[in-house]
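Below you'll find the structure, written out as structure tokens, and then a few comments.
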Amino acid sequence: MNNKCKILVLADVDKSTSEILKKGVDLANVVQGEIDFFCVKKPTDVVEKESQLSAMRSINKTFIETDNQIKKMINDVSVNSIPINHKISFGNLKDEIRYQIKETKPDIVLLGKRKSKILSFFGDNVINLILKEFNGTILIVSEENPLEAKEEISLGLLNNVNLSENRFMETLASYSNKPLKSFQINPVEKKISNPNNTVEFVFEGGDNTIKNVNNYLSKNKIDLLFLNREKETKSKIGGILNNLNCSLMVSN
């Protein structure tokens, strides 16, 4: 029986893809996982001519080129103990992502965040799609603040996050040798018990709250912020993702 954690990496093939895949390998190494790398392209971005024959030639050419690029990236970042499978698809981006999530049944979906955009080549609504279609853990890796799964990783909690309810967050927290930092906005609920060495920051809610939180995240050099999707609305999560510079892990 295969008990490995399944990580689905969603990415296009560009200059940032290798780094995103590397983060997937780092994470898989910590949580004892395996990786499915999925690249989806719009046919309209590939096909320039109207004839069916020309369209098929363009798609086949792009498939071969993309497949070779992905194989090279996998070879560059692979670790012997981390299986990496890959798949390329042409079609409607949201439909293909939705199908791939159902097909692979991942434990974690990993995607990249660039210049305050979530997977810009997918469009602004991809995170809402994933939140709707996927009940597991989501990891959004920031290109501005690269994430490395190592003992010196600095972790933060946004509002009430119960580490014991998410095995991946709990594993990463136990892996780090730095104190946790907790960032609380208008704390009114009963506090969740966190490790004794957790450092807490409290903020009043307002128009500039997320910007203030982001400043404190930067000052404290937070590499990865944990967020509980059940405590936040989807629209609020989108706003948080687009306004924070660090990588984020959204719990199920």
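Sequential numbering of the sequence shown, starting at 1, is according to the UniProt record's numbering.
Glycine included, every Cβ here is placed at the ideal spot set by N, Cα and C.
Small disclaimer: the values here were computed from a predicted structure and weren't measured.
- With a cut-off of 8 Å on Cβ pairs, the segment 75 to 82 is in contact with the segment 28 to 41, counting three or more such pairs.
- S142 and L155 have their C-alpha atoms some 14 Å from each other.
- If you draw a 10 Å sphere on the C-beta of G205, you find fewer than 16 other C-beta atoms in it, and that means exposed.
- For V77 against K22, the beta-carbon gap comes to about 5 Å, under 8 Å, which counts as contact.
- Around the C-beta of Q100, 16 or more other C-beta atoms lie within 10 Å, and the residue is accordingly described as buried.
- For F168, the uninterrupted alpha helix (DSSP H) segment begins and ends at R167 to Y175.
- The shortest CA-to-CA distance from E152 to any of I140, L129 and S176 is the one to S176.
- About 22 Å separates the Cβ atoms of F201 and S174, ruling out a contact at the 8 Å cut-off.
- Put simply, the segment 58 to 75 touches the segment 40 to 49. At least three CB pairs are less than 8 Å apart.
- Residue pairing for I108: DSSP places it in a beta bridge opposite I7 and T137.
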